[in-house]
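Trainee: My questions all concern the structure below.
Here it is, written out as structure tokens:
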């Protein structure tokens, strides 16, 4: 029996990441399959959904006979978004990964435009404009263009940004992962990490045209803004501060890997921001306890206590 020749690796991989997105995932998968571009690898990866998402994925790709190499897989247990992204760098074969989330819709020219930009400009990260839609699929207002990369990609200016670029629009070169390593913290977003890494390298490109329909009004970032009672506000603020601590810690590690010394302005800015966020987060375990534990830096502790204490009193 003649053994089949191994399939050649493809340079570009679309990775559709889903978790409990049954109402939206068919559109997300169909958007990936409809890419009008040279053949690429499409991996639809589900994080052990419990709402039938994976059944819809399998039904959507059944009978596909187009030019792209399509695979569907499911994690045996739920591992969370960060671990799921880390795993994709092992599963995908492409030099460039184009993430497509299970509630968004890639337009047919998305991959082709990203390919063109990588070939012409050799970036490590590409991001684009998008059309915002609501949960029902209607166009809606959005504020994503307030993110820093629409103004500057300077790593000092953006070092402490928590809105770097529209993560759903991104595409990553594998070097952002192999040089700096996996994402270390489960409570951050991929754009917090890959955006800063690409800014350090000075290799960010922007495509000024909408390449996807981006779903507003759902997901964790939206949930963190919703509940208005005092207890929910405290939990929301604690999560945001802990996310900031994690993001700044990851960026300090990445800046060290890049080769920055501890006294570099970027390192000093990040270290200061992490200390500030850490003190503020500790207020939610008790302001008095936080002050007592930080008597060696009384000014910073009192500033954090005053700022977060006011938020707590206002129920924000």
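In the working numbering, the protein residues as written are 88 to 403. Note that CB positions come from ideal geometry on N, CA and C, so glycine has one too.
Compute the Euclidean distance between the alpha carbons of residue 144 and residue 290, then round it to the nearest angstrom.
Mentor: Residue numbering aside, residue 144 sits at position 57 when the chain shown is read from its first letter. Residue numbering aside, residue 290 sits at position 203 when the chain shown is read from its first letter. If you take the alpha carbons of residue 144 and residue 290, they lie about 34 Å apart.
Trainee: Which residues mark the beginning and the end of the alpha helix (DSSP H) in which residue 279 is found?
Mentor: For the purposes of this step, residue 279 is taken as the residue at position 192 of the chain shown. Note, residue 279: alpha helix (DSSP H), 277-288.
Trainee: Nearest by alpha-carbon distance to residue 297: which of 98, 130, 231 is it?
Mentor: In the chain shown, counting from the first residue as 1, residue 297 sits at position 210. Among 98, 130, 231, the Cα nearest to that of residue 297 belongs to 231.
Trainee: Please go through the stretch 344-381 and give each complete alpha helix (DSSP H) segment of 4 or more residues, from N-terminal end onward.
Mentor: Within the stretch 344-381, the complete alpha helix (DSSP H) runs of at least 4 residues are 352-369, 374-380.
Trainee: CA-CA distance, residue 175 and residue 111?
Mentor: For the purposes of this step, residue 175 is taken as the residue at position 88 of the chain shown. For the purposes of this step, residue 111 is taken as the residue at position 24 of the chain shown. One C-alpha to the other measures close to 21 Å.
Trainee: What distance in whole Å lies between the Cβ atoms of residue 157 and residue 104, which are believed to be in contact at a cut-off of 8 Å?
Mentor: As a first step, residue 104 must be located in the chain shown, where it is residue number 17. As a first step, residue 157 must be located in the chain shown, where it is residue number 70. Residue 104 to residue 157, Cβ: 15 Å. No contact.
Trainee: Below 6 Å CB to CB, which residues in the same chain sit around residue 285 once its five sequence neighbours on both sides are set aside?
Mentor: The residue given as residue 285 occupies position 198 in the chain shown. Correct list, in chain order: 211, 212, 291.
Trainee: Which residues in the same chain have their Cβ closer than 8 Å to the Cβ of residue 341, if we skip the five residues on either side of it in sequence?
Mentor: Position 254 of the chain shown, counting from 1, holds the residue named residue 341. Taken in chain order, the residues that qualify are 267, 280, 283, 284, 287.
Trainee: Starting from residue 295 and walking both ways along the alpha helix (DSSP H), at which residues does that stretch end?
Mentor: For the purposes of this step, residue 295 is taken as residue 208 along the chain shown, with counting starting at 1. Not the alpha helix (DSSP H): residue 295 falls in the beta strand (DSSP E), residues 291-302.
Trainee: Among 356, 393, 366, which residue has its Cα nearest to the Cα of residue 381?
Mentor: Taking the first residue of the chain shown as position 1, residue 381 is located at position 294. Ranking 356, 393, 366 by Cα distance to residue 381 puts 366 first.
Trainee: Please list, in chain order, all residues of the same chain as residue 138 whose beta carbon is under 7 Å from its beta carbon, the five residues on each side excluded.
Mentor: Counting from 1 along the chain shown, the entry for residue 138 is found at position 51. Correct list, in chain order: 107, 109.
Trainee: Does the pairing of the stretch 126-133 with the stretch 146-161 give three or more beta-carbon distances under 8 Å?
Mentor: Yes, they touch.
Trainee: Counting only the same chain and skipping the five closest in sequence on each side, list residues whose C-beta sits under 6 Å from that of residue 277.
Mentor: The residue given as residue 277 occupies position 190 in the chain shown. For residue 277, where only same-chain residues beyond five positions count, the Cβ hits under 6 Å are 172, 254.
Trainee: What span of residues does the beta strand (DSSP E) with residue 108 cover, start to end?
Mentor: To locate residue 108, count along the chain shown from 1; it is residue 21. Where residue 108 is concerned, there is no enclosing beta strand (DSSP E), given that its DSSP letter is neither H nor E.
Trainee: Can you tell me the Cβ-Cβ gap for residue 219 and residue 228, rounded? I've got them flagged as a contact below 8 Å.
Mentor: Within the chain shown, numbered from 1, the residue matching residue 219 stands at position 132. Within the chain shown, numbered from 1, the residue matching residue 228 stands at position 141. Sure, about 7 Å apart at Cβ, within 8 Å.
Trainee: Quick one: which unbroken beta strand (DSSP E) runs of 3-plus residues sit fully inside the stretch 101-173? Chain order, please.
Mentor: The qualifying runs are 128-133, 156-161.
Trainee: Count the other CB atoms within 10 Å of the CB of residue 303; is the residue buried (16 or more) or exposed (fewer)?
Mentor: Numbered from 1 along the chain shown, position 216 holds the residue referred to as residue 303. By the 10 Å Cβ count, residue 303 comes out buried.
Trainee: Starting from residue 388, follow the alpha helix (DSSP H) in both directions and report where the run begins and ends.
Mentor: Translated into positions along the chain shown, residue 388 becomes position 301. That run of the alpha helix (DSSP H) goes 385-401.
Trainee: Which word fits residue 359, buried or exposed, when buried means at least 16 other C-beta atoms lie within 10 angstroms of its C-beta?
Mentor: As a working note, residue 359 is residue 272 in the chain shown. By the 10 Å Cβ count, residue 359 comes out exposed.
Trainee: According to the Cβ coordinates, are residue 161 and residue 133 closer than 9 Å?
Mentor: For the purposes of this step, residue 161 is taken as residue 74 along the chain shown, with counting starting at 1. For the purposes of this step, residue 133 is taken as residue 46 along the chain shown, with counting starting at 1. In this structure, residue 133 lies closer than 9 Å to residue 161 by Cβ.
Trainee: Of all the alpha helix (DSSP H) runs that stay within the bounds of the stretch 194-231, which reach a length of 4 or more residues?
Mentor: Runs of the alpha helix (DSSP H) inside the stretch 194-231: 197-208.
Trainee: Going straight from the alpha carbon of residue 301 to that of residue 191, what length do you get?
Mentor: In the chain shown, counting from the first residue as 1, residue 301 sits at position 214. In the chain shown, counting from the first residue as 1, residue 191 sits at position 104. Each residue's Cα considered, the two are about 5 Å apart.
Trainee: Use the C-beta contact count for residue 338: other C-beta atoms within 10 angstroms, 16 or more gives buried, fewer gives exposed.
Mentor: Indexing the chain shown from 1 puts residue 338 at position 251. Buried, since its Cβ has 16 or more Cβ neighbours within 10 Å.
Trainee: Need the endpoints of the beta strand (DSSP E) that residue 186 sits in, please.
Mentor: Reading the chain shown from its first residue, position 99 is the one you call residue 186. Counting along the chain, the beta strand (DSSP E) containing residue 186 begins and ends at 183-188.
Trainee: Should residue 186 be labelled buried (16 or more other beta-carbon atoms within 10 Å of its own) or exposed?
Mentor: Against the chain shown, residue 186 aligns to sequence position 99. That one is buried.
Trainee: Quick one, which of 207, 149, 241 has its alpha-carbon nearest residue 353's?
Mentor: Taking the first residue of the chain shown as 1, we reach residue 353 at position 266. For the residues 207, 149, 241, the minimum Cα distance to residue 353 belongs to 241.
Trainee: Which residues bound the beta strand (DSSP E) around residue 272?
Mentor: Start at 1 with the first residue of the chain shown, and residue 272 comes out as number 185. First-last for residue 272: undefined, no H or E at that position.
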